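Asker:
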Amino acid sequence: MSEIHPTEPISSPLVSQPDFAVPAELQAEIDGLVTHYPNKRSASLMLLHAVQGHFGYISREAVEWIAARLELQPINVYELVTFYPMFHAKPVGRYHLKVCRTLSCALGGSYELHEHFCRKLGLDPQAHGAQTTKDGKFTVEFVECLASCGTAPVMMCNDAFHEGVSEKRADEILGECK
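Residue 75 is where the sequence shown starts when you use the numbering used here, and the numbers rise one by one after that.
#1: Can you give me the start and stop residues for the beta strand (DSSP E) that residue 244 sits inside?
#2: Three-state secondary structure (DSSP) at residue 236?
#3: Assess contact between the segment 181-197 and the segment 134-154, defined as three or more Cβ pairs (one per stretch) separated by less than 8 Å. Is contact present?
#4: Pick helix, strand or coil for residue 211, following the three-state DSSP scheme.
#5: With H, G and I counted as helix, E and B as strand and the rest as coil, what does DSSP make of residue 94?
#6: Quick one, are the C-beta atoms of residue 159 and residue 217 less than 8 Å apart?
#7: Using a Cβ-Cβ distance under 8 Å, would residue 136 count as near chain B?
#8: Considering only DSSP beta bridges, list what residue 169 is partnered with.
#9: What residue range does the beta strand (DSSP E) around residue 229 cover?
#10: What is the C-beta distance between residue 190 and residue 237, in whole angstroms, given that I count them as a contact (C-beta under 8 Å)?
#11: Can residue 161 and residue 154 be called in contact, C-beta distance under 8 Å?
Structural data, given as structure tokens:
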């Protein structure tokens, strides 16, 4: 991997140019993405997706690198990472279990479903935020609405969507994760 820096000078003296290694093919993809927008800032989400797609999460160094590349303050990128649930500031497990916690799912049993996953995987059901098993295989977290209120409780395992998930079905989903 080669060390890559933004190709244009940074306009603000408050933004340092971070040292972040990006492979050439990802750099080429990012350069191409930026050209699709009349304002560099508009490419923020696409760059976050590209970086997370490659590294699996968005580190502090990645936030700083993207901010420098787009001539933004790091907070302008960090606020996107922390606002949108599809972005991860820490590595997640190979199997990412996302349990909806909004009202319909909560009434349908999502809190019990989350607790069931945590018990099965040796995680703390009372802990806040995403938790990853010691072996790095599973991450369990609550997420906001997964847009299927009528089939609660709903969840996702990576990109697979599951509706009306009972404890029995939860165990089957875990069993399918090999």
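Glycine is no exception: its CB is placed at the ideal position from the N, C-alpha and C atoms.
All figures in this text were calculated on a predicted structure; none of them were measured in a lab.
Answerer: According to the data block:
#1: Taking the first residue of the sequence shown as 1, we reach residue 244 at position 170. Following the DSSP letters along the chain, one finds residue 244 in no beta strand (DSSP E) but inside the alpha helix (DSSP H) bounded by residues 241-250.
#2: Residue numbering aside, residue 236 sits at position 162 when the sequence shown is read from its first letter. The three-state secondary structure of residue 236, taken from DSSP, is strand.
#3: No: fewer than three Cβ pairs fall under 8 Å.
#4: For the purposes of this step, residue 211 is taken as residue 137 along the sequence shown, with counting starting at 1. Taken through DSSP and simplified to helix, strand or coil, residue 211 comes out as coil.
#5: As a first step, residue 94 is located in the sequence shown; it is residue number 20 there, counting from the start. In the structure shown, the three-state DSSP call for residue 94 is strand.
#6: Residue mapping note: residue 159 aligns to position 85 of the sequence shown, counting from 1. Residue mapping note: residue 217 aligns to position 143 of the sequence shown, counting from 1. Contact: yes.
#7: Absent from the structure: chain B. Only one protein chain is present.
#8: Within the sequence shown, residue 169 is the residue found at index 95, counting from 1. DSSP, once it has assigned bridges, lists 212 as partnering residue 169.
#9: The count along the sequence shown starts at 1 and reaches residue 229 at position 155. Note, residue 229: beta strand (DSSP E), 229-231.
#10: Numbered from its first residue, the sequence shown carries residue 190 at position 116. Numbered from its first residue, the sequence shown carries residue 237 at position 163. Actually they do not touch by this definition, with Cβ atoms about 16 Å apart.
#11: As a first step, residue 161 is located in the sequence shown; it is residue number 87 there, counting from the start. As a first step, residue 154 is located in the sequence shown; it is residue number 80 there, counting from the start. Yes.
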